[in-house]
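Enquirer: Have a look at this one.
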Amino acid sequence: MLSRAPFVDTHGRVVRDLRISVTDRCNLRCVYCMPAEGMPWLPREQLLTYEELARFARICVECGVRGIRLTGGEPTVRQDLPVLVRMLRAISPALDLSLTTNALELAGMADELRGAGIDRVNVSLDTLSRERFHAISRRDRLADVLAGLAAAKRAGFSPVKVNAVLMRGTNDDEAVPLARWARGEGYELRFVEWMPLDFQHQWDRNRLVPADDILAALERALPLLPVPPEDGDDPSSPARTWRYRDGVGRVGIIASVTKPFCGQCDRIRLTADGQIRTCLFAHREHDVRHAMRSGAGDDAIEAIVRAAVLRKAPGHLVGQAGFVQPARGMSAIGG
Ligand code: SAM
Ligand code: SF4
Numbered sequence: 045m046l047s048r049a050p051f052v053d054t055h056g057r058v059v060r061d062l063r064i065s066v067t068d069r070c071n072l073r074c075v076y077c078m079p080a081e082g083m084p085w086l087p088r089e090q091l092l093t094y095e096e097l098a099r100f101a102r103i104c105v106e107c108g109v110r111g112i113r114l115t116g117g118e119p120t121v122r123q124d125l126p127v128l129v130r131m132l133r134a135i136s137p138a139l140d141l142s143l144t145t146n147a148l149e150l151a152g153m154a155d156e157l158r159g160a161g162i163d164r165v166n167v168s169l170d171t172l173s174r175e176r177f178h179a180i181s182r183r184d185r186l187a188d189v190l191a192g193l194a195a196a197k198r199a200g201f202s203p204v205k206v207n208a209v210l211m212r213g214t215n216d217d218e219a220v221p222l223a224r225w226a227r228g229e230g231y232e233l234r235f236v237e238w239m240p241l242d243f244q245h246q247w248d249r250n251r252l253v254p255a256d257d258i259l260a261a262l263e264r265a266l267p268l269l270p271v272p273p274e275d276g277d278d279p280s281s282p283a284r285t286w287r288y289r290d291g292v293g294r295v296g297i298i299a300s301v302t303k304p305f306c307g308q309c310d311r312i313r314l315t316a317d318g319q320i321r322t323c324l325f326a327h328r329e330h331d332v333r334h335a336m337r338s339g340a341g342d343d344a345i346e347a348i349v350r351a352a353v354l355r356k357a358p359g360h361l362v363g364q365a366g367f368v369q370p371a372r373g374m375s376a377i378g379g
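Each residue of the sequence shown is one higher than the one before, counting from 45 in the working numbering.
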């Protein structure tokens with residue numbers, strides 16, 4: 045499908061992965077992501093249409109993008125999501141198409157999404173306690189998430205991954221219970237370090253549970269063997285992976301803050317309102333929506349992406365002097 049030159053930045057990193065946020069809206073209100081009252085949602089006319097999203101995706105695939113992940117906000121709350129999935133699948137049968145979701149709607153959608161062309165799903169779940177789930181997400185919906193996960197497994201997604209964010213004093217005692225549960229269910233668990241990307245700016249370095257602490261807790265309870273990068277996810281994957289010594293199951297940790305992986309980063313993001321971001325923590329956005337709606341041809345869209353990628357920063361400065369949190373939060377950028 046490569047009919048255009050790949051996007052390469054000034055540090056030699058090649059863009060292979062595109063994250064598309066299909067909406068900024070969400071049916072949960074996770075404390076590390078957005079305020080209890082929600083956000084002023086984007087007006088509908090500012091959202092890229094499915095035709096615009098598919099066109100952008102096609103140009104990126106022509107430039108060497110191999111994987112597209114749909115995210116949000118909560119992607120499943122955008123109407124007719126399977127329609128978009130089918131349009132993306134039509135771009136290339138080889139495209140790795142995945143979805144990140146809170147799974148509230150997955151029980152009723154898993155089969156259709158699989159049939160439309162999604163290969164893999166990541167479900168976000170930070171606790172197995174109903175009370176804690178309610179406190180973290182501000183909604184009493186743990187049962188729906190578990191039902192969504194079960195439906196994803198039945199629908200044949202492989203692997204079904206579970207992403208968990210741990211916070212001290214909230215759910216930091218759940219590393220081992222979550223790992224045992226995920227292993228038993230056949231889900232691949234990945235812990236993601238808490239990042240300063242909430243709208244309320246309440247991120248607290250002292251409440252972040254570092255990857256090393258998570259690993260130590262896991263190793264005390266469950267014998268692990270590191271998976272070498274060549275046997276794990278692709279080398280640009282941010283997760284370090286371990287397998288259980290008895291060969292059943294794997295667990296990963298994404299140390300975005302304490303061990304940044306910016307040097308291997310191969311991704312760009314498109315926000316729901318059509319802005320390219322080359323990093324979660326970038327301050328600059330590059331407007332594709334305006335270009336598309338002013339009649340720009342494919343070459344002009346490609347040029348905007350290429351120029352954005354050329355300005356991609358070598359890495360983020362989280363935890364260092366001079367770090368300034370971006371104006372938009374995780375749900376608006378697309379996690
Ligand atoms: N709503 C979907 C979901 O929750 O899976 C997709 C969007 S959500 C922004 C994507 C991922 O970002 C989720 O796994 C969520 O836990 C994670 N996330 C949100 N805010 C975060 C933060 N401040 N630090 C680390 N991960 C965060
Ligand atoms: Fe919604 Fe996902 Fe943010 Fe939670 S993390 S509020 S589910 S967008």
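All C-beta atoms in this analysis are idealised placements derived from N, C-alpha and C, irrespective of residue type, glycine included. Predicted model, so just to flag it, every value in this text is computed and none were measured.
(1) What does the alpha-carbon distance come out to for the pair M131 and L141?
(2) What residues match up with H330 in a beta bridge as DSSP calls it?
(3) May I ask you to report which of helix, strand or coil DSSP gives T120?
(4) Using the rule of at least 16 other Cβ atoms within 10 Å of the residue's Cβ for burial, across every protein chain shown, is T54 buried or exposed?
(5) Sort G200, T171 and L72 by Cα distance to S181 and report the nearest one.
(6) Around the Cβ of D290, are there at least 16 other Cβ atoms within 10 angstroms (buried) or fewer (exposed)?
(7) Hey, L317 and L86: beta-carbon distance below 8 Å or not?
(8) At the level of alpha carbons, what is the spacing between R185 and H327?
(9) According to DSSP, is N250 helix, strand or coil?
(10) With a threshold of 8 Å, are at least 3 pairs of Cβ atoms found where one atom belongs to the segment 208 to 219 and the other to the segment 331 to 351?
(11) Quick one: is the Cβ of L72 within less than 7 Å of any heavy atom of the ligand SF4?
(12) With a floor of 3 residues, list each beta strand (DSSP E) that falls wholly inside the segment 179 to 235, ordered by position along the chain.
(13) Going along the chain, which unbroken runs of the alpha helix (DSSP H) with 4 or more residues stay wholly within the segment 104 to 160?
(14) Consider the C-beta atom of E118 and the heavy atoms of the ligand SF4; say whether any pair is separated by less than 7 Å.
(15) Expressed to the nearest angstrom, what Euclidean distance is found between the alpha-carbon atoms of T171 and M78?
(16) Let me confirm a value: A138 is counted as buried when at least 16 other C-beta atoms fall within 10 Å, else exposed. Which label applies?
(17) For C77, is the beta carbon positioned less than 7 Å from some heavy atom of the ligand SF4?
(18) Mind checking who T285 pairs with in its DSSP beta bridge?
(19) Quick one: grab the DSSP three-state call for I162.
(20) What residue range is occupied by the uninterrupted beta strand (DSSP E) comprising R350?
(21) If the criterion is Cβ atoms closer than 8 Å, does the pair A219 and A261 meet it?
(22) Would you tell me roughly how many angstroms separate the C-alpha atoms of S173 and G366, rounded to the nearest one?
Expert: Checking against the coordinates, here is how it stands:
(1) Distance between the alpha carbons of M131 and L141 is about 11 Å.
(2) Beta-bridge pairing links H330 to I320.
(3) Helix, per DSSP.
(4) Looking at its Cβ environment, which holds fewer than 16 other Cβ atoms inside 10 Å, T54 is exposed.
(5) For S181, the nearest C-alpha among the options comes from L72.
(6) Classification for D290: exposed.
(7) It is Asp, not Leu, that sits at residue 317 in the sequence shown. Yes, the pair counts as a contact, with Cβ atoms nearer than the cut-off.
(8) Near 34 Å, if we compare the C-alpha coordinates of H327 and R185.
(9) It is helical.
(10) The segment 208 to 219 makes no contact with the segment 331 to 351: fewer than 3 CB pairs, one atom from each, lie closer than 8 Å.
(11) The ligand SF4 has a heavy atom closer than 7 Å to the beta-carbon of L72.
(12) Within the segment 179 to 235, the complete beta strand (DSSP E) runs of at least 3 residues are 204 to 208.
(13) Those alpha helix (DSSP H) runs which fall completely within the segment 104 to 160 and span 4+ residues are 125 to 133 and 150 to 160.
(14) At least one heavy atom of the ligand SF4 is nearer than 7 Å to the Cβ of E118, so yes.
(15) Spanning the two alpha carbons is a distance of roughly 18 Å.
(16) A138 should be labelled exposed.
(17) At least one heavy atom of the ligand SF4 falls within 7 Å of the beta-carbon of C77.
(18) Paired residue(s): G296.
(19) Three-state result, I162: coil.
(20) Counting along the chain, R350 falls outside any beta strand (DSSP E), though it belongs to the alpha helix (DSSP H) covering D342 to L354.
(21) Yes, the pair counts as a contact, with Cβ atoms nearer than the cut-off.
(22) If you take the alpha carbons of S173 and G366, they lie about 38 Å apart.
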